[in-house]
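Visitor:
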Amino acid sequence: EAKGRGRGTHVSYRQAMRGQLEERALLELDLKHALERDEISVSYQPIVDTDGKTVLCHEALMRWNHAERGAVEPSTFIPIAEDALLIEPLGEWLLRTACHEAVTWPENVKLTVNVSPLQLKNRAFLGTVVEALASSGLAPDRLLLEITESTVLEMDDDLQSLIKSLTELGVSFALDDFGCGYSSLNYIEKMQFSMIKIDSDFVQAAASGSTRSQAIVTAIVSLANSLDIAVTAEGIETEEQAAAMRELGCTCFQGFYFGFPIASQSSDSGNVTEIKARKVA
Ligand code: C2E
Ligand code: MG
Ligand code: MG
Ligand code: MG
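Letter by letter, the sequence shown follows residues 556 to 836 of mature numbering (1 follows the signal peptide of the UniProt record, and there is no 0).
1. What first and last residue would you give for the beta strand (DSSP E) that runs through Val-668?
2. Does the Cβ of Asp-585 lie closer than 6 Å to at least one heavy atom of ligand 2?
3. Buried or exposed for Arg-697, going by 16 or more other Cβ atoms inside 10 Å?
4. Do you know how far the Cα of Glu-656 is from the Cα of Thr-806?
5. Can you name the start and end residues of the alpha helix (DSSP H) that Thr-766 belongs to?
6. Between Gly-790 and ligand 1, is there a pair consisting of the residue's CB and a ligand heavy atom that are separated by less than 6 Å?
7. Going by the beta-carbon positions, is the gap between Ala-729 and Met-750 smaller than 7 Å?
8. Is it the case that the stretch 624-632 contacts the stretch 656-668, given that we only count it when at least three CB pairs across the two stretches are under 8 Å?
9. Just to confirm, are Ile-784 and Gly-810 a CB contact at a threshold of 7 Å?
10. Relative to ligand 1, is the shortest distance from any of its heavy atoms to the C-beta of Leu-675 smaller than 6 Å?
11. How many Å lie between Ala-762 and Thr-773 at the Cα?
12. According to DSSP, Lys-752 sits in a beta bridge with which residue or residues?
13. When the Cα of Trp-648 is compared with those of Lys-676, Ser-596 and Ala-626, which residue comes out closest?
14. Three or more C-beta pairs under 8 Å: does that hold for the stretch 588-605 against the stretch 671-683?
15. In this structure, how does DSSP classify Thr-652 when only helix, strand and coil are distinguished?
16. Ligand 1 heavy atoms versus the CB of Leu-649: any closer than 6 Å?
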């Protein structure tokens with residue numbers, strides 16, 4: 556609050572707040588119609604093996620190309636989608652679209668899809684995944700669901716049984732953005748992740764010589780190795796960063812140095828239109 560700083564400051568602060576709220580409300584209104592307006596698409600970014608060449612997975616990343624504003628950042632629209640309960644239809648569309656895309660890739664290349672904690676809280680999510688796999692024909696063991704640790708996921712019975720069902724199906728989990736959130740060892744134990752993705756901020760710190768960050772990466776790699784969990788270094792932009800993270804024991808790499816997120820050529824194929832039409836009804 557602008558206590559003692561005069562009325563002008565106070566008013567302009569409130570105006571700025573109102574501006575932000577209006578901006579968010581406008582985006583939310585438009586996001587409601589984004590799928591039917593064909594403004595949502597998927598880009599794919601590779602995760603590569605230690606050799607820097609072999610593609611292990613492609614991560615599906617949601618894109619919103621707003622008719623007037625152009626590209627809106629996921630860091631802007633994903634939280635809005637979560638608040639407005641739009642993340643489920645958007646997430647379902649993305650999952651189905653990406654599964655259909657992934658069946659056209661070589662069989663040893665997996666698909667990773669970011670999943671919001673809100674999607675995991677809905678019992679219907681299991682059916683959504685089963686349907687996306689069945690209709691695309693993608694083998695369940697080619698699907699990894701990325702869960703970011705920035706939100707605390709309550710490990711209740713419903714979530715545990717959802718994870719159990721998905722795991723039995725053959726689907727696996729990756730812990731996203733590790734190092735900048737709330738992950739506890741309990742979480743890592745319960746979720747049986749098959750991959751931990753070390754966040755780019757952490758990668759940057761470790762690669763630029765922070766001995767504390769390096770020590771933590773070494774400890775995570777050691778823990779991951781003993782639990783048979785792969786460790787991916789995110790946000791690799793230079794050869795030096797790749798070398799530093801390889802030195803610390805990371806075996807998978809993702810970042811602009813290895814490949815940018817790229818829009819699929821075939822993402823507008825017939826089936827997709829049908830899904831869009833159904834989802835907005
Ligand atoms: P994330 O899952 O950690 O994805 C990695 C982000 O880092 C992507 O940003 C990617 O474009 C960016 N990135 C990759 N390599 C580099 C690099 O070398 N340097 C830099 N500076 N950035 C790099 P993007 O696509 O903007 O996505 C941001 C976040 O939005 C994602 O972070 C994810 O948490 C969320 N998100 C994206 N798509 C979806 C989705 O379909 N569903 C949900 N629930 N969240 C999504
Ligand atoms: Mg991710
Ligand atoms: Mg990440
Ligand atoms: Mg990240």
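For each residue, glycine too, the CB sits at the ideal point set by N, CA and C.
Guide: So, from the data block:
1. Here residue 668 is taken as the residue at index 113 of the sequence shown, counted from 1. Residues 665-670.
2. Walking along the sequence shown from the start, residue 585 turns up at place 30. Because no heavy atom of ligand 2 lies under 6 Å away, the Cβ of Asp-585 does not count as near it: no.
3. Here residue 697 is taken as the residue at index 142 of the sequence shown, counted from 1. So Arg-697 ends up on the buried side.
4. Here residue 806 refers to the residue found at position 251 of the sequence shown. Here residue 656 refers to the residue found at position 101 of the sequence shown. Rounded to the nearest angstrom, the two C-alpha atoms are 26 Å apart.
5. The residue labelled residue 766 in the question sits at position 211 within the sequence shown. Note, Thr-766: alpha helix (DSSP H), 766-781.
6. Start at 1 with the first residue of the sequence shown, and residue 790 comes out as number 235. The answer is yes for Gly-790.
7. Start at 1 with the first residue of the sequence shown, and residue 729 comes out as number 174. Start at 1 with the first residue of the sequence shown, and residue 750 comes out as number 195. Cβ atoms of Ala-729 and Met-750: closer than 7 Å.
8. no
9. Looking up residue 784 in the sequence shown gives position 229. Looking up residue 810 in the sequence shown gives position 255. No, Cβ-Cβ distance for Ile-784 and Gly-810 is not below 7 Å.
10. Here the question's residue 675 lines up with position 120 in the sequence shown. Not under cutoff, so the answer is no.
11. For the purposes of this step, residue 762 is taken as the residue at position 207 of the sequence shown. For the purposes of this step, residue 773 is taken as the residue at position 218 of the sequence shown. If you take the alpha carbons of Ala-762 and Thr-773, they lie about 12 Å apart.
12. Mapped onto the sequence shown, residue 752 falls at position 197. Lys-752 is bridged to Thr-787.
13. Position 93 of the sequence shown holds residue 648. That would be Ser-596, whose Cα lies nearest to the Cα of Trp-648.
14. no
15. Walking along the sequence shown from the start, residue 652 turns up at place 97. Three-state result, Thr-652: helix.
16. Taking the sequence shown and counting its residues from 1, the one referred to as residue 649 is at position 94. Correct: Leu-649 has its Cβ closer than 6 Å to ligand 1.
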